[in-house]
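Everything on this sheet refers to the single structure shown next.
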Amino acid sequence: MTATIIDGKAHAASLRAAIAGHVPAFRAATGRAPGLAVVLVGEDPASAVYVRSKGRATREAGMESVEHRLPADTDTATLLALVADLNADPAIDGILVQLPLPRQVDAQAVLLAIDPDKDVDGFHPVNAGRLATGMPGFVPCTPLGCVMLLKSVHGSLSGLDAVVIGRSNIVGKPMAQLLIAESCTVTVAHSRTRDLPARIRAADIVVAAVGIPALVKGDWIKPGATVIDVGINRTETGLVGDVDFAEAMAVAGAITPVPGGVGPMTIACLLRNTYVSACRREGVAAAP
Ligand code: NDP
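Pasting the structure below:
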């Protein structure tokens, strides 16, 4: 058996095209474009690449992208003042502070200062609470993209057994919440989990968000299962995921590649969240 490769690039391209198609009606109704502000502190090369591609994707979708680049020695007070300005700016619908922040900055204070109704990253505790309680809010982009990819394979996820490996606030926990909301039976595994292979072997859906190259082996996977590999690990041979791709290909029913799987969906979901935020703030119905 050879798994179907889930083409995240293609799914992301169609989501981005759909959003670009909705923006003109938003402009016509409100006289402005949805606006995303991205804040980058310091010179971290990976963060700079992410910020650049987020800005480009935002503009390509016909939305306004505002980038704030601050020096590496920026203090917490300066960042809080910038976030307060962006919160108050009616042209800004989404605020994203690129992580990680330099050590001298109180990252938690900065994230807490973002207006939850402009928190398109979905990292604010108010949005985590909304997700956990089934209220409308913003869902973190990476797990949101994973659910879209899973639905592209399965349609309904109801009743399926899912294992999420990783319990971070930005991927593992919101992923588990989303799968519960889709009526999966969810196991959340982490570094203290006993007999991880046995738990994965029982799962129809495996979402790996760990950060260890090729941690998940082919013989851990239930034949026909769907595997979503969130991991991005830089190795001597290039970017690899948390799943041994070659082994998993021989067992799984469907699998996301790294790169070209989950990653492209993350940015597309950021655009989606920004568009939805703009519609909510203007009282305009968001196109599905
Ligand atoms: P974190 O480091 O915050 O979390 C990793 C999780 O993996 C922790 O919960 C940890 O457990 C768990 N873990 C560590 N070792 C093991 C193990 N041996 N067995 C089982 N679980 C283990 O990472 P993130 O959630 O931020 O990111 C995870 C991966 O996803 C990274 O590779 C990151 O680069 C990638 N990523 C990709 C994105 C994309 O757009 N594609 C976006 C965001 C992240 P414990 O809690 O016990 O320490």
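The opening position of the sequence shown corresponds to residue 168 in this note's numbering, with each subsequent residue numbered one higher.
Idealized CB from N, CA, C, for every residue including glycine.
Apart from the 5 residues on each side of it in sequence, Ile347 sits with its Cβ closer than 8 Å to the Cβ of Val353 in its chain, given in chain order.
By the criterion of a C-beta distance shorter than 8 Å, Pro380 is surrounded in its chain by Gly398, Asn400, Thr402, Val407, Gly408 and Asp409, once the five residues flanking it on both sides are discounted. Apart from sequence neighbours up to five positions away, the residues of its chain that approach Leu182 with a beta-carbon distance below 8 Å are Met315, Met432, Ala435, Cys436, Leu438 and Arg439, ordered along the chain. Along the stretch 245-317, the alpha helix (DSSP H) occurs as fully enclosed runs of 4 or more residues at 274-280 and 292-300, listed in sequence order. Under the three-state reduction of DSSP output, Leu346 falls in the helix class.
Judged by the Cβ position, Leu278 fails to qualify as a neighbour of the ligand NDP at the 7 Å threshold, every heavy atom of the ligand being at least this far.
Exclusion of Val330 from the 7 Å shell around the ligand NDP follows from its C-beta lying no nearer than that to any non-hydrogen atom of the ligand. Excluding five sequence positions before and after Pro238, the CB atoms of its chain that fall closer than 8 Å to its own CB belong to Val208 and Gly209, given in chain order. Shown here for Lys176: same chain residues with a beta carbon closer than 6 Å to its own, the five before and five after excluded, namely Gly427 and Pro431 in chain order. Under the three-state reduction of DSSP, Gly339 is assigned to helix. Within 7 Å of the C-beta of Val397 there is at least one heavy atom belonging to the ligand NDP. Going by DSSP, Arg401 is part of no alpha helix (DSSP H) but of the beta strand (DSSP E) stretching over Asn400 to Thr402. Judged by their CB atoms, Val264 and Val206 are nearer to each other than the 8 Å cut-off.
Taking the CA atoms as reference points, Asp371 sits about 10 Å from Leu324. DSSP, reduced to helix, strand and coil, places Ala454 outside both helices and strands of the structure shown, so it counts as coil. The nearest non-hydrogen atom of the ligand NDP is 7 Å or more from the C-beta of Thr402.
Here Asn336 is exposed. Its C-beta has fewer than 16 other C-beta atoms within 10 Å.
Rounded to the nearest whole angstrom, the CA to CA distance from Asp396 to Thr360 is 19 Å. As the crow flies, the alpha-carbon of Pro257 is around 29 Å from that of Ala299. Taking 8 Å as the cut-off, the beta carbon of Pro212 is found no closer than this to the beta carbon of Met230.
The Cβ neighbour count for Val218, taken over all protein chains shown within 10 Å, is at least 16; the residue is labelled buried. CA-to-CA, the gap between Pro303 and Arg297 works out to about 6 Å. The Cβ atoms of Ala365 and Val355 lie no closer than 8 Å to each other. The C-beta separation of Thr225 from Met416 comes to about 34 Å, leaving the pair out of contact by the 8 Å criterion. Ala329 has its alpha-carbon roughly 17 Å from the corresponding atom of Ser358.
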